[in-house]
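What follows is one structure encoded as structure tokens, with my remarks underneath.
Numbering (this note's numbering), first residue to last: 68 to 203.
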């Protein structure tokens, strides 16, 4: 991946913090295992063959999917989603919650927020409230 993206064995080696011969050996081993040339090398330029370009595109998708899977497992890539019912006192909601809702929902576009503005103490279970803020 890095050889194609950087355009050289040396640049890929620097990015990966390994020696250039190691990168060359890995590419040669991969080409031998696949039975196809992945790169066309010249003194001035390095470019992927048709097979190399196809391999690179599929490998990129696989690595992107692996990154997404890791983020999802950590809970970082998805953001919040689903329904969230929040009960907040009226004045507090107007002064502190409502002004921040736009940016919060922008960060979590899959979240369906239901803001219940009520000054009375509600029964959280009966009214299906997930979070309640109370002041006192």
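All C-beta atoms in this analysis are idealised placements derived from N, C-alpha and C, irrespective of residue type, glycine included. Nothing here was measured: the structure is a model prediction, and the numbers come from that model.
Counterpart residues of residue i in DSSP-defined beta bridges
{"i": "residue 152", "result": "181"}
{"i": "residue 114", "result": "107"}
{"i": "residue 198", "result": "153"}
Contact check, residue i vs residue j, beta carbons under 8 Å
{"i": "residue 70", "j": "residue 106", "result": "yes"}
{"i": "residue 113", "j": "residue 74", "result": "yes"}
{"i": "residue 178", "j": "residue 149", "result": "yes"}
{"i": "residue 68", "j": "residue 127", "result": "yes"}
{"i": "residue 174", "j": "residue 146", "result": "yes"}
{"i": "residue 180", "j": "residue 192", "result": "no"}
{"i": "residue 182", "j": "residue 199", "result": "no"}
Alpha carbon of residue i to alpha carbon of residue j, nearest angstrom
{"i": "residue 190", "j": "residue 121", "result": "59 Å"}
{"i": "residue 90", "j": "residue 134", "result": "23 Å"}
{"i": "residue 119", "j": "residue 104", "result": "7 Å"}
{"i": "residue 176", "j": "residue 88", "result": "47 Å"}
{"i": "residue 169", "j": "residue 188", "result": "26 Å"}
{"i": "residue 125", "j": "residue 111", "result": "26 Å"}
{"i": "residue 136", "j": "residue 186", "result": "42 Å"}
Residue i - containing alpha helix (DSSP H), residue span
{"i": "residue 82", "result": "76-83"}
{"i": "residue 94", "result": "87-101"}
{"i": "residue 169", "result": "165-174"}
{"i": "residue 70", "result": "69-73"}
8 Å Cβ cutoff, residue i in contact with chain C
{"i": "residue 135", "result": "Among the protein chains of the structure shown there is no chain C, as only one such chain exists."}
(request) Assess, as a yes-or-no matter, whether the stretch 129-143 is touched by the stretch 154-171 under the definition of 3 or more beta carbon pairs within less than 8 Å. (result) Flag = no, the stretch 154-171 and the stretch 129-143 do not touch.
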